[in-house]
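So for the sequence shown, the working numbering puts the first residue at 14; every next one is plus one. Quick reminder that beta carbons are idealized off the backbone N, C-alpha and C, glycines included.
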Amino acid sequence: MNLRLLDYRPELEFLEAPGGAGLAGGDELTLAARLLELHGGAQLDRFIDAMVRGGGAPAPLAESLKRAARQVLPLHGWPGSPLIESLRRRGKSDPIARAARIFGVELEGLSPEDKEFELAQRFVRFAREAIRLAADASRPAGAAAALAEAARSHAPGLLHCAAGRMGRWQRQGDRIVVYDC
């Protein structure tokens, strides 16, 4: 086997595609594979910035996606990641299981590499949906609403459960309308 092929490391040439399409238009599997190749927070930030910029979404969405990514993606063996350190301090050592719960996916029976790839693919799917929704939104709070909507369908564990919280409601015929929930 030619060892020169194994040494090939492109310098983030994937961040901008010809024609300005950026990462948002890339294939989901390719983006997930590239996500797994990142080596730390700075590269993750550039990756997400490029996705958001390429999708035409507002810049505040990038910061929200970065926070979401740090909850599920530092589990790929990145040294000193906040998620792994906090789980170790609390005696929990399986961040992959936690990420699987966030995405609502069952990973039992998969190899460790397949688990990581599946989670990366789920994150890319979630991020692309949030970017698409935010780019379509016309109001300033569109980024937050887009992120919440994408989380409902792709990463329900990111939404904090409001169980036990008080709210207002009103009966309208055979319906109950809930406010402030």
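Asked, Found
"Which residue comes first and which comes last in the alpha helix (DSSP H) that contains residue 118?", "Careful: residue 118 lies outside any alpha helix (DSSP H) and carries neither H nor E."
"Since residue 112 and residue 132 should fall inside the 8 Å C-beta cutoff, what is the C-beta to C-beta distance between them, to a whole number of angstroms?", "5 Å"
"From this set, 171, 122 and 128, which residue's C-alpha is nearest residue 139's C-alpha?", "171"
"Leaving out the 5 sequence neighbours to the left and right, which residues in its chain are closer than 7 Å to residue 51 when beta-carbon positions are compared?", "57 and 60"
"Identify the continuous alpha helix (DSSP H) that holds residue 166 and give its terminal residues.", "155 to 167"
"My output table needs one value for residue 34: the three-state DSSP class, helix, strand or coil.", "Any reading at residue 34 needs caution, since the residue's pLDDT is 43, under 50, leaving its predicted position unreliable; the model's value is listed next. In the structure shown, residue 34 sits in coil (DSSP, three-state: anything other than H, G, I, E or B)."
"What does the alpha-carbon distance come out to for the pair residue 188 and residue 182?", "10 Å"
"Using the beta-carbon count (16 or more within 10 Å), is residue 70 buried or exposed?", "buried"
"Relative to the alpha-carbon of residue 145, which residue among 84, 45 and 65 has its alpha-carbon at the smallest distance?", "65"
"Can you round the beta-carbon distance between residue 150 and residue 159 to whole angstroms, since I take them to be within the 8 Å contact cut?", "6 Å"
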